[in-house]
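Asks: Quick one: the structure is below, questions incoming.
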Amino acid sequence: MSSSRVYRAPLLACCAILLLTAAPTAQPTAGRNLILITLDGARTQEIFGGLDVEVLRAGLKKDEQLEETRAYKQYWADTPEARRAKVMPFFWTEWMAAHGSIAGNRVGGSRFGITNTHRFSYPGYAEILTGEAHDAVIDSNDNRRYTFPTLLDVLKRRLSLSRDQVAAFGSWETFRWITSNQEDAFVVNAGYQAMAGEGPDVQRLSRAQFETQTPWDSVRNDMYTFRLALAHLETARPRVLYLALGETDDWAHGERYDRVLQTLERTDAWFKELWTWLQADPQYRDNTAILITVDHGRGRTPQDWGKHGNEVDGAQETWLAAIGPDWPRRGEWTTAPDAFTNQIAATAARALGVDLREELPNAGAPIEYLWGK
Ligand SMILES: [Zn+2]
537 MSSSRVYRAP LLACCAILLL TAAPTAQPTA GRNLILITLD GARTQEIFGG
587 LDVEVLRAGL KKDEQLEETR AYKQYWADTP EARRAKVMPF FWTEWMAAHG
637 SIAGNRVGGS RFGITNTHRF SYPGYAEILT GEAHDAVIDS NDNRRYTFPT
687 LLDVLKRRLS LSRDQVAAFG SWETFRWITS NQEDAFVVNA GYQAMAGEGP
737 DVQRLSRAQF ETQTPWDSVR NDMYTFRLAL AHLETARPRV LYLALGETDD
787 WAHGERYDRV LQTLERTDAW FKELWTWLQA DPQYRDNTAI LITVDHGRGR
837 TPQDWGKHGN EVDGAQETWL AAIGPDWPRR GEWTTAPDAF TNQIAATAAR
887 ALGVDLREEL PNAGAPIEYL WGK
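For the sequence shown, position 190 (counting from the first letter as 1) is numbered 726 according to the working numbering, and the numbering increases by one without interruption.
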């Protein structure tokens, strides 16, 4: 599928005017920031337990020894806690230990999941962003825009944000349609898509994405998505950023279990880089709510771990991690009430002081448990 290239005028002229007119003592505006992150189809099994040795064993080639595989050498340990920390060390030993909490470890008594019955991507992302399953209407992964306003649409309007202050970066091109009920309401860059106007580093990245093809026509490498998002964070300083990473799903469909684990490990390094940047910046430090989740789970067994869809048991089971200045919970949820993907939009909005359900009355309620209630 060919990519559409969107060029925007350089911002130099307006920035120069701003510099001349801004009061020298101007401070960053008060108010929380939001970063929503999704890792397409990342299973609870790897998030909470790291390497699933039965999946790795089932994928061995003829005469290949389990203990000799790179994935085993890199990620095996005796306990789920030790294994998951090998895959995502920053996430577990820093974020979840000192700054946030996570729902969805069924082994530990916490249940989180989607309410749509499709168990594939577009319906899952739509549920995250609109606060509601739309099973009868949103029933394919086609590049289509729907009429339902999204969390990003509502926040832009309610917080009177400019086009640059709400931004979505996705590895999958379909995010150009998923993220808003209007075209070009805010910055969206997804799939193989050029990014203009933010300096020479961004221009190099923007060009390079077309020169480094993935095995998938509609998904670029997550590296471009992350780096372009971080560059936009640094230059445009959005209040609301959505980062949608996709390689976890694509490698799983390709039955490359080793690459799924490597992708999670690389993503963990990006989390650390993002956090380091946020905590060094006065607008974002201790002032940013971060929610991390997935659009669907996958099968539970060595036979169907790579699959999802309405006939795959386990693909309805997902997870949600939350890091934020107003959320006192730490570590894994154990005795919390069940929570669902349709509650994420209202939870994210409340973190910014907005009652989403005034605009979207059918959206799931905010997850009170995060606020310690
Ligand atoms: Zn998928």
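All residues carry an ideal CB built from backbone N, CA and C; glycine is no exception.
#1: From residue 739 to residue 732, what distance separates their C-alpha atoms?
#2: Go through its chain and collect everything with a Cβ distance to residue 746's Cβ below 7 Å, but skip five positions before and after it.
#3: Which residues mark the beginning and the end of the beta strand (DSSP E) in which residue 573 is found?
#4: Quick one: measure Cβ to Cβ for residue 752 and residue 726, integer angstroms, because I've assumed they're closer than 8 Å.
#5: Is the separation between the beta-carbon of residue 593 and that of residue 838 shorter than 9 Å?
#6: Can you give the Cα-Cα distance for residue 591 and residue 841, rounded to whole angstroms?
#7: Just curious, the beta strand (DSSP E) that residue 674 is in, first and last residue?
#8: Measure from the alpha carbon of residue 763 to the alpha carbon of each residue in 742, 651 and 684, then state which is nearest.
#9: Contact between the segment 844-855 and the segment 666-678: three or more CB pairs below 8 Å?
#10: Any heavy atom of ligand 1 within a distance shorter than 8 Å of the CB on residue 742?
#11: My understanding is that residue 906 touches residue 667, with C-beta atoms under 8 Å, so please give their C-beta distance in whole angstroms.
#12: Given that a residue counts as buried once 16 or more other Cβ atoms are within 10 Å of its Cβ, and exposed if not, what is residue 696?
#13: Take the Cβ of residue 900 as the centre, count every other Cβ of all protein chains shown within 10 Å, and call the residue buried at 16 or more, exposed below.
#14: Can you check which of these residues, 785, 685, 806 and 651, is closest to residue 897 by C-alpha distance?
#15: For residue 554, which three-state DSSP category applies?
#16: Cβ atoms of residue 688 and residue 776: under 9 Å apart, would you say?
#17: Would you call the CB atoms of residue 702 and residue 730 closer than 9 Å?
Replies: In this structure, then:
#1: Those two C-alpha atoms are separated by around 7 Å.
#2: 728
#3: 569-575
#4: Their Cβ separation, rounded to whole angstroms, is 13 Å, which puts residue 752 and residue 726 out of contact at 8 Å.
#5: yes
#6: 7 Å
#7: Run containing residue 674: none; DSSP gives neither H nor E here.
#8: 742
#9: no
#10: Residue 742 Cβ: outside cutoff for every heavy atom of ligand 1.
#11: At roughly 16 Å, the Cβ-Cβ gap does not stay under 8 Å, so residue 906 and residue 667 are not in contact.
#12: So residue 696 counts as exposed.
#13: Under this definition residue 900 is a buried residue.
#14: 685
#15: With a pLDDT of only 43 at residue 554, under 50, the local geometry of the prediction cannot be trusted, and no value is derived from it.
#16: yes
#17: no
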